[in-house]
Amino acid sequence: MGRAVVVPFQPGKMDAPLPANARITRVYAARSYDGPARVATDLCWGSAQGPCVPLQGSHVNTRAFDGRSAQGPLLLVHRVENWGPASPPLFVRGTVTVWYAAGRP
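With my numbering applied, the sequence shown corresponds to residues 89 to 193, in that order.
Here is the structure:
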């Protein structure tokens, strides 16, 4: 109901730099929020248009992005499907963990 909210995740400034050829081998993503709203969340690589995989409940473990650049970005795309008795705003906490290996140069 309303627009999607896109939250990008990529290595932070304090993280060790990734090798330029680092490739994804697995991704875990989770989200949580308080309240009765029903929220659908997709984990996407590169852009909100995908490729994407839906979170199953509050999390997902996936190999759907295997071989793609670990530089990302990976995004959590949240959409409120039903507010129930709640009303905006809604704070959604999210986390994305990426496993990677050096790819071919």
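C-beta: ideal position from N, C-alpha, C; glycine also.
Item, Value
"For T183, is the classification buried or exposed, using 16 other Cβ atoms within 10 angstroms of its Cβ as the cut-off for buried?", "exposed"
"From A108 to P161, what does the alpha carbon distance come to, in whole angstroms?", "14 Å"
"Per DSSP, what are the beta-bridge partners of A110 in this structure?", "A190"
"Assuming D130 contacts V115 under a Cβ cut-off of 8 Å, what Cβ separation, rounded to an integer in Å, is found between them?", "Incorrect: roughly 12 Å between the Cβ atoms, too far for contact."
"V119 and S146 look like a contact to me (Cβ under 8 Å); what is the Cβ gap, rounded to whole Å?", "Rather than Val, the amino acid found at residue 119 in this sequence is Arg. With a Cβ gap of about 6 Å, R119 and S146 count as contacting."
"Give me the Cβ distance between L143 and A174, rounded to the nearest whole Å; I'm assuming they're in contact under 8 Å.", "19 Å between Cβ atoms; not a contact."
"Can you tell which of N149, R156, P124, D122 has the C-alpha that lies nearest to the C-alpha of W133?", "R156"
"How many whole angstroms separate the CB atoms of A124 and G172, which I take to be in contact at a CB cut-off of 8 Å?", "Here residue 124 turns out to be Pro, not Ala, going by the sequence shown. Indeed they touch by this definition, with Cβ atoms about 4 Å apart."
"Report buried or exposed for F153, applying the criterion of at least 16 other Cβ atoms within 10 angstroms of its Cβ.", "buried"
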